[in-house]
Structures are given as structure tokens and as C-alpha cells.
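Order-wise, the sequence lines are chains P and W.
Taken in order, the first sequence gives residues 1 to 112; the numbers are from my numbering.
Taken in order, the second sequence gives residues 113 to 226; the numbers are from my numbering.
Just so you know, even glycine gets a beta-carbon here, dropped at the ideal spot from N, CA and C.
Just below is one structure, and these are the notes that go with it.
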Amino acid sequence: AQSVSQHNHHVILSEAASLELGCNYSYGGTVNLFWYVQYPGQHLQLLLKYFSGDPLVKGIKGFEAEFIKSKFSFNLRKPSVQWSDTAEYFCAVGGSQGNLIFGKGTKLSVKP
Amino acid sequence: AAGVIQSPRHLIKEKRETATLKCYPIPRHDTVYWYQQGPGQDPQFLISFYEKMQSDKGSIPDRFSAQQFSDYHSELNMSSLELGDSALYFCASSFGQNSGNTIYFGEGSWLTVV
């Protein structure tokens with residue numbers, strides 16, 4: 001069965017610091033990968049997704065992620081975080097029936 | 113742009129009562145998914161429907177049932193509620209059920225069981 005693991009439970013950064021959130025998935029075949037963000041008290045919003053092609057994917061709000069097939073990884077990055085990036089970030093892999101399988105999430109706290 | 117609409121947004125029920133959550137997908141989306149997110153937890157897939165037929169089943173308890181209607185809206189029925197059912201219930205929709213399709217989430221329905 002497919003699974004997703006996110007390495008960090010809680011990350012605390014100062015504004016302007018660089019961010020990298022780890023994500024590894026278990027499935028060895030063709031995968032569709034997603035990063036969603038959940039701001040406090042809000043619903044999940046899609047940050048970016050990878051289906052095929054260029055392994056470096058750019059999303060909204062300055063986020064990007066790199067798909068490294070050999071490492072089964074899809075890490076999320078942002079060069080310079082802002083206080084408004086404080087949220088929980090979920091990595092997900094697309095299931096066979098189109099549903100999403102989420103990782104446990106990483107809480108990001110950005111100190112102003 | 114129209115998004116996924118869920119109602120009610122907040123619901124308080126007592127143990128052993130029943131609750132029904134409704135979901136209206138984005139227009140022209142034919143696939144609906146239900147997720148449960150407990151406090152501090154990741155969203156857990158419950159069940160999905162494609163073209164009004166159940167397409168996949170996750171960790172949905174037997175006390176819960178769901179369906180998708182002819183207008184593509186979906187309802188999640190929860191009976192014999194337990195305290196542990198308190199959670200945020202997300203509905204999501206997509207066009208088609210290909211795993212590459214983007215899934216859009218609603219704002220969720222908060223269920224509190226007391």
C-alpha cells in the first residue's frame with residue numbers, strides 16, 4: 001500500500017530563513033505527488049503538484065518541490081519564509097482511485 | 113470561482129445521535145471524496161464516489177454511510193455517534209478519478225460530539 005512519511009513534525013524558523021520540508025513516499029511505480037497547505041482553522045489548499053516531466057515543480061506563494069525518484073522523495077522548499085507561511089503542510093500521493101494519501105503533516109511556525 | 117461547499121460548517125451532537133453532512137462539489141466535477149481529520153491529525157480518507165457510484169472505501173466506520181446523488185452532491189450519514197467521531201470532515205471534488213487530477217477541498221464541517 002502507498003504511504004507517505006514526513007520527517008519533521010514541527011519546524012520553527014525566523015522570517016527570511018530558508019525552508020525545506022521532507023517527504024518520502026513508498027510506492028515505486030508511477031506516482032502523482034502533491035503538497036497541500038492548511039492555514040489555522042482553514043481547509044486544505046493545493047500548493048503544487050507533480051505528475052510527470054520536469055522534476056522541479058513551482059507552486060504558488062514562492063514554493064517549489066523537487067521530485068527525486070531514486071530517493072522516493074518530494075521535498076518542499078522556499079528560499080525565504082514569511083510570517084504568513086505559518087501553517088501545516090501536508091505531502092500527499094495520489095491513490096489508485098484518485099483519492100489522496102496524506103502524510104502526518106509538518107507544522108511550520110515562522111517567528112516575525 | 114465556485115468552490116466545494118459543505119454544510120453545516122459546525123455541528124454539535126450528543127453521543128448516540130445521528131448527523132448528516134452535505135457536500136456540493138465544484139460544478140462539472142463528478143467525483144467526491146470524504147476525509148476525516150481528527151484534532152492534530154492528518155486527513156484520513158473515508159470514501160469516494162464517481163458518477164454516483166462508490167469508487168473507493170477507506171477507513172469509514174460501519175456506522176457511517178454516504179451516497180452521491182443525481183446532481184452530484186453527496187451526503188455523509190453518521191449514526192450512533194461516539195466522542196471519537198469529533199473531527200473536521202472535509203469533502204473534496206475532482207473531475208474524473210484519475211490519480212493525477214487535482215482534488216479541491218471544501219472548508220470542512222466541524223463535528224463535535226458531546
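Start-end ranges of the beta strand (DSSP E) lying completely within the stretch 47-102 of chain P, minimum 3 residues: Correct list: 56-58, 64-68, 73-78, 87-94, 100-102.
Counted within 10 angstroms of its Cβ, other Cβ atoms place W/N189 as buried (16 or more) or exposed: It counts as exposed.
Pick from P/G95, P/G105, P/L108, P/V110 that is closest to W/F157, judged by C-alpha positions: The residue among P/G95, P/G105, P/L108, P/V110 with its C-alpha nearest the C-alpha of W/F157 is P/G95.
Cβ of P/Q42 within 8 angstroms of any chain W Cβ: With 8 angstroms as the cut-off, P/Q42 counts as an interface residue toward chain W.
N- and C-terminal bounds of the beta strand (DSSP E) containing P/H10: DSSP places P/H10 inside the beta strand (DSSP E), whose first and last residues are 10-14.
P/K58 and P/N32 closer than 8 angstroms at C-beta: Contact: no.
Coil, strand or helix - W/L193 by DSSP: In this structure, DSSP gives W/L193 a state outside helix and strand, which the three-state scheme calls coil.
Short Cβ contact (8 angstroms threshold) for W/Q149 with W/F217: It is not a contact, given that the beta carbons lie outside the stated cut-off.
Any chain P beta carbon closer than 8 angstroms to W/G220: At a cut-off of 8 angstroms between C-beta atoms, W/G220 counts as an interface residue with respect to chain P.
P/I101 vs P/V37 beta-carbon contact at 8 angstroms: No, Cβ-Cβ distance for P/I101 and P/V37 is not below 8 angstroms.
W/T214 in three-state terms, based on DSSP: W/T214: coil per DSSP, three-state reduction.
CB contact below 8 angstroms: P/G19 versus chain W: Inspection of the sequence shows that residue 19 of chain P is occupied by Leu rather than by Gly. The C-beta of P/L19 comes no closer than 8 angstroms to any C-beta of chain W.
Below-8 angstroms beta-carbon distance, P/G59 vs any chain W residue: No, its Cβ sits nowhere closer than 8 angstroms to a Cβ of chain W.
Interface residues of the stretch 162-191 of chain W facing chain P [CB-CB below 8 angstroms]: Within the stretch 162-191 of chain W, the residues whose Cβ lies closer than 8 angstroms to any Cβ of chain P are, in chain order, Y162, S167, D168, G170.
Per DSSP, cross-strand counterpart(s) of P/V110: Note: P/V110 sits in a beta bridge opposite P/L13.
P/E20 - containing beta strand (DSSP E), residue span: In the DSSP assignment, P/E20 falls within the unbroken beta strand (DSSP E) covering 19-21.
C-beta atoms of W/T132 and W/S160 nearer than 8 angstroms: W/T132 is not a Cβ neighbour of W/S160, given a cutoff of 8 angstroms.
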